[in-house]
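See below for the structure under consideration.
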Amino acid sequence: MKTTGKSAGGKRLLSGNEAIALGAWEAGVTYAAAYPGTPSTEIMPALAQYAGVVAEWAANEKVALDAAAGASFAGGRALAAMKHVGVNVASDSVMTLSYTGVGAGLVLVSADDPGAFSSQNEQDNRHYARFGKFPCLEPADSQEAKDFCRLAFELSEQFDTPVMLRSTTRLSHSKSAVEVQMPTEPRELGSLPPFERKPLKYVMIPAHARLRHPEVEARMRALTEYAETCPLNWVELGDKRIGVVSGGVAYQYAREVFAGFSFLKLGMTHPLPAGMIRDFAAEVDTLVIVEELDPFIEEQVRAMGFEVIGKEFFPLTGELTLARVREGALKAGLPIRGQSGVSGSTPQGEPASTRLDVPLRPPALCPGCPHRSVYFSLRKLKMLVAGDIGCYAIGVLPPFEEMDMLISMGASVGMAHGAKQAGCPDKIVATLGDSTFFHAGIPELASTIYNQGVTCTMILDNGTTAMTGGQDNPATGITLQGETNQMIDIESVVRAMGVEDVWVVDALDVKGVEQAIQEAIAIEDRPTVIIVYGACVFTPQFQRRAVVEVDPEVCNGCGFCFRVGCPAILKSDEIEAKTKRPKAQIDPLLCTGCTVCLQVCPRNAIFQTSEEEA
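Residue 582 in the numbering used here sits at position 475 of the sequence shown, with consecutive numbering throughout.
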């Protein structure tokens, strides 16, 4: 049920992502789009629950931003949300939108991932704001996430610019109290006025771009002046021996470590308030800059002529934590909270280190995962594999260890094609998922077909965008609102592109998957495609079957079943007398009855229970 807005307000405990969604709704956003990607995924489902806004999943991040740009040009406030690497996908449009400016407010949410918890890199997207010459706002908690999002729309319209709202993993997923200001009247989606045609502004041919560039530079001068009085930047004067410049979540850690000292808290990190920084530096003895990832603020402050303590002590890589900031401060010889002569209460019972000694738990494919038979077969056939972004990236880890290259969404097909075109003698297979195929795989397959490539592409269709939490995509035909729409059939798309040799196989048929791979790679004069269909265990389409068991009288501890990498298969306490190896046993609580282990067992020691027994 959608929230209508009849409640007047109050406080709620919200994650940063939920707060961003609420801030957008309170700001009157009419359209929002995203491609799911951790840590940004939850923004769009949270926004979809509110009335008066159209919220959609897009095929990729560029599509999301393009649609948001169209809504903005048409006069509706719009938002596009994506993880940091998604901005790379959207960057073509990002850079030109800086020239066009906006119609109604346009906000780009970039959720960065310091520590690379769920990403292929740790890029710092503040650089995009500087590169594209548009403002960047960095909230430090959920309340600021909501408030900054509202202000971002106002700034976008005031300065005729897209605005980046930069979050990070910790902010996106942590919860804190937020003051909610719900509209007192129900909000319904209305119609916009007729489109105001402005070809000189919105149609960015070279002649128009040359006219718009001076406007961009004038806007940056105005924004730089605004930054000096921006309510998002403020000074907290305390002990002036240390002056800390910080923003975003890093500010929270710095505030704890340097409690009682002076702070310049930056909510707008591009453009920087140079005058405010100079005035602050003049007030303190030592200038310290605490920021996550790149020395974005630090380099600019150094360029102003100031000596600062920064990345030589505070890590350049990985997510900042309280412990890492404290460690950096101690290495720098700085006085910190709790030391003699430093104001601020001393933490009670605080351990010397926050590092926990816990056993490693590497990621694994879930019991019943439809990708299991694919990577088992690829390993058995000793294939060279170009991988992609998705759950199936786990194929690089034991026990499969069957992935040789992975860089970005959809790149598997292009990498496989390029390797063969360059003369790679190995048999090579590209693997990607259904959502990834629609995100960026289609153009790469089109290029392979067009250039007479000879690679085999395996599309692993599990009926969802599983890695980010089970979002729908064009292949499912289900919208973000749960409405059933037109499904786009992958086989039909592939055949329409000109691929003649297409196999559609059941992911839980191990022999069928292996046979399809063998037949496909045997064709060496044209591209081939294998579509492996099997529902993700977390989708309604997945059908749980009777569990399987191991017959301890037949099992000899060969360990072959462990090669399918299923968490439900365990080593028992019973040791086989001849092999001196533990026999297998299966946890009935984890087993989904997929039977992949049963199919690969060479001794037929695994059997399926009856439905009654299950």
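For each residue, glycine too, the CB sits at the ideal point set by N, CA and C.
Contacts around residue 456, its chain only, beta-carbon distance under 8 Å, and the 5 residues preceding and following it disregarded: On the sequence shown, residue 456 is found 349 positions in, with the first residue counted as 1. Note that residue 456 scores a pLDDT of 39, beneath 50, so its modelled location is shaky and nothing firm can be said.
Starting from residue 640, follow the beta strand (DSSP E) in both directions and report where the run begins and ends. Here residue 640 refers to the residue found at position 533 of the sequence shown. 635 to 640 is the extent of the beta strand (DSSP E) around residue 640.
For residue 652, the residue or residues it bridges with in DSSP: Here the question's residue 652 lines up with position 545 in the sequence shown. Looking at the DSSP output, residue 652 shares a beta bridge with no other residue.
Any idea which residues DSSP pairs residue 188 with across the strands? Position 81 of the sequence shown holds residue 188. Residue 188 pairs with 141, 216.
Determine, using beta carbons only, whether residue 553 and residue 604 come nearer to each other than 9 Å. The residue given as residue 553 occupies position 446 in the sequence shown. The residue given as residue 604 occupies position 497 in the sequence shown. Contact flag set, yes.
Which of helix, strand or coil does DSSP assign to residue 124? Within the sequence shown, residue 124 is the residue found at index 17, counting from 1. If DSSP states are grouped into helix, strand and coil, residue 124 belongs with the helices.
What do you get for residue 358, buried or exposed, if any count of 16 or more other CB atoms within 10 angstroms of its CB means buried? Locating residue 358 in the sequence shown gives position 251, counting from the first residue. Flag for residue 358 reads buried.
Does the segment 483 to 494 come close enough to the segment 653 to 664 to have 3 or more Cβ pairs within less than 8 Å? Contact check between the segment 483 to 494 and the segment 653 to 664: fewer than three CB pairs, one atom from each, fall below 8 Å, which does not count as touching.
Could you compute how far the alpha carbon of residue 609 sits from the alpha carbon of residue 565? Mapped onto the sequence shown, residue 609 falls at position 502. Mapped onto the sequence shown, residue 565 falls at position 458. Taking the CA atoms as reference points, residue 609 sits about 10 Å from residue 565.
Could you give the DSSP three-state label for residue 199: helix, strand or coil? Taking the first residue of the sequence shown as 1, we reach residue 199 at position 92. Residue 199: helix per DSSP, three-state reduction.
Nearest residue (CA-CA) to residue 476, options 701, 140, 316, 442: In the sequence shown, the residue the question calls residue 476 occupies position 369. Of all alpha-carbon atoms in 701, 140, 316, 442, the one lying nearest the alpha-carbon of residue 476 is that of 701.
Within the segment 503 to 541, note down every full beta strand (DSSP E) run reaching 3 residues or more, in order along the chain. DSSP runs (the beta strand (DSSP E)) wholly in the segment 503 to 541: 535 to 540.
What is the residue span of the beta strand (DSSP E) that residue 254 lies within? To locate residue 254, count along the sequence shown from 1; it is residue 147. Careful: residue 254 lies outside any beta strand (DSSP E), inside the alpha helix (DSSP H) at 249 to 266.
Cβ neighbours of residue 584 in the same chain (closer than 8 Å, five flanking residues each side left out): By one-based count along the sequence shown, residue 584 stands at place 477. For residue 584, where only same-chain residues beyond five positions count, the Cβ hits under 8 Å are 591, 592, 593, 594, 595.
Which runs of the alpha helix (DSSP H) spanning at least 4 residues fall entirely within the segment 530 to 595, listed in chain order? Counting only runs of at least 4 residues, the segment 530 to 595 fully encloses the following alpha helix (DSSP H) elements, listed from N- to C-terminal order: 549 to 557.
Start and end of the beta strand (DSSP E) containing residue 618? Numbered from its first residue, the sequence shown carries residue 618 at position 511. In the DSSP assignment, residue 618 falls outside any beta strand (DSSP E) and within the unbroken alpha helix (DSSP H) covering 617 to 629.
List the whole-angstrom C-beta distance separating residue 348 from residue 368, where the pair is believed to meet the contact cut-off of C-beta under 8 Å. Looking up residue 348 in the sequence shown gives position 241. Looking up residue 368 in the sequence shown gives position 261. About 7 Å separates the beta carbon of residue 348 from that of residue 368, a gap short enough to meet the 8 Å contact definition.
Give the DSSP-derived three-state secondary structure of residue 668 in the structure shown. The residue you call residue 668 lines up with position 561 of the sequence shown. Here residue 668 sits in helix by DSSP.
Report buried or exposed for residue 374, applying the criterion of at least 16 other Cβ atoms within 10 angstroms of its Cβ. Taking the first residue of the sequence shown as 1, we reach residue 374 at position 267. Classification for residue 374: buried.
Terminal residues of the continuous alpha helix (DSSP H) containing residue 394? Translated into the one-based positions of the sequence shown, residue 394 becomes position 287. Per DSSP, residue 394 lies in no alpha helix (DSSP H); the unbroken beta strand (DSSP E) holding it starts and ends at 393 to 397.
Is the beta carbon of residue 543 less than 9 Å from the beta carbon of residue 645? Looking up residue 543 in the sequence shown gives position 436. Looking up residue 645 in the sequence shown gives position 538. The beta carbons of residue 543 and residue 645 sit no closer together than 9 Å.
According to DSSP, is residue 160 part of a helix, a strand, or is it coil? For the purposes of this step, residue 160 is taken as residue 53 along the sequence shown, with counting starting at 1. Look at residue 160 here: in three-state DSSP terms it is coil, with no helix or strand label.
Express the C-alpha separation of residue 643 and residue 518 in angstroms, rounding to a whole number. Locating residue 518 in the sequence shown gives position 411, where the first residue counts as 1. Locating residue 643 in the sequence shown gives position 536, where the first residue counts as 1. Using only the alpha carbons, I get a separation of about 23 Å.
Contact set for residue 706: own chain, Cβ-Cβ below 6 Å, skip 5 residues either direction: For the purposes of this step, residue 706 is identified with residue 599 of the sequence shown, where counting begins at 1. Only 617 meet the Cβ criterion.
I'd like the list of long-range same chain contacts for residue 270, defined as Cβ closer than 6 Å, with 5 residues on each side in sequence excluded. Translated into positions along the sequence shown, residue 270 becomes position 163. If the five residues before and after residue 270 are omitted, its C-beta is found closer than 6 Å to the C-beta atoms of 214, 242, 259, 262, 263, all from its own chain and listed in chain order.
Taking three-plus beta-carbon pairs below 8 Å as touching, is the segment 215 to 228 in contact with the segment 192 to 207? Contact between the segment 215 to 228 and the segment 192 to 207 is present, with at least three C-beta pairs closer than 8 Å.
Beta carbon of residue 146, beta carbon of residue 224: below 9 Å? Working through the sequence shown from its first residue, we reach residue 146 at position 39. Working through the sequence shown from its first residue, we reach residue 224 at position 117. Cβ distance < 9 Å, so residue 146 and residue 224 count as in contact.
Kindly confirm or deny that the segment 130 to 146 and the segment 305 to 321 touch, where touching means at least three C-beta pairs closer than 8 Å. Contact between the segment 130 to 146 and the segment 305 to 321 is absent, because fewer than three Cβ pairs lie under 8 Å.
Rounded to a whole number of angstroms, what is the C-alpha to C-alpha distance between residue 177 and residue 309? The residue given as residue 177 occupies position 70 in the sequence shown. The residue given as residue 309 occupies position 202 in the sequence shown. If I take the Cα positions, the gap works out to 10 Å.
Leaving out five residues before and five after residue 703 in sequence, what residues of the same chain have Cβ atoms less than 8 Å from its Cβ? Within the sequence shown, the letter at position 596 stands for residue 703. Once the five neighbours on either side are set aside, the close Cβ partners of residue 703 are 479, 480, 483, 615, 617, 671, 673.
Under three-state DSSP, which class holds residue 693? The residue you call residue 693 lines up with position 586 of the sequence shown. Strand.
Is it buried or exposed for residue 137, if we count other Cβ within 10 angstroms and need 16 for buried? Taking the sequence shown and counting its residues from 1, the one referred to as residue 137 is at position 30. The residue is buried, with at least 16 neighbouring Cβ atoms inside 10 Å.
Looking at the secondary structure, which residues open and close the alpha helix (DSSP H) in which residue 177 lies? Here the question's residue 177 lines up with position 70 in the sequence shown. Counting along the chain, the alpha helix (DSSP H) containing residue 177 begins and ends at 168 to 180.
To the nearest angstrom, how far is it from the Cα of residue 598 to the Cα of residue 663? On the sequence shown, position 491 is the one that residue 598 refers to. On the sequence shown, position 556 is the one that residue 663 refers to. Counting only the Cα atoms, residue 663 lies some 42 Å from residue 598.
Within-9 Å CB hit, residue 283 to chain B: Looking at the structure shown, chain B is missing, and only one protein chain is on hand.
Bounding residues of the beta strand (DSSP E) (the contiguous stretch that carries residue 373): Within the sequence shown, the letter at position 266 stands for residue 373. Looking at the DSSP string, the run of the beta strand (DSSP E) that includes residue 373 is 368 to 373.
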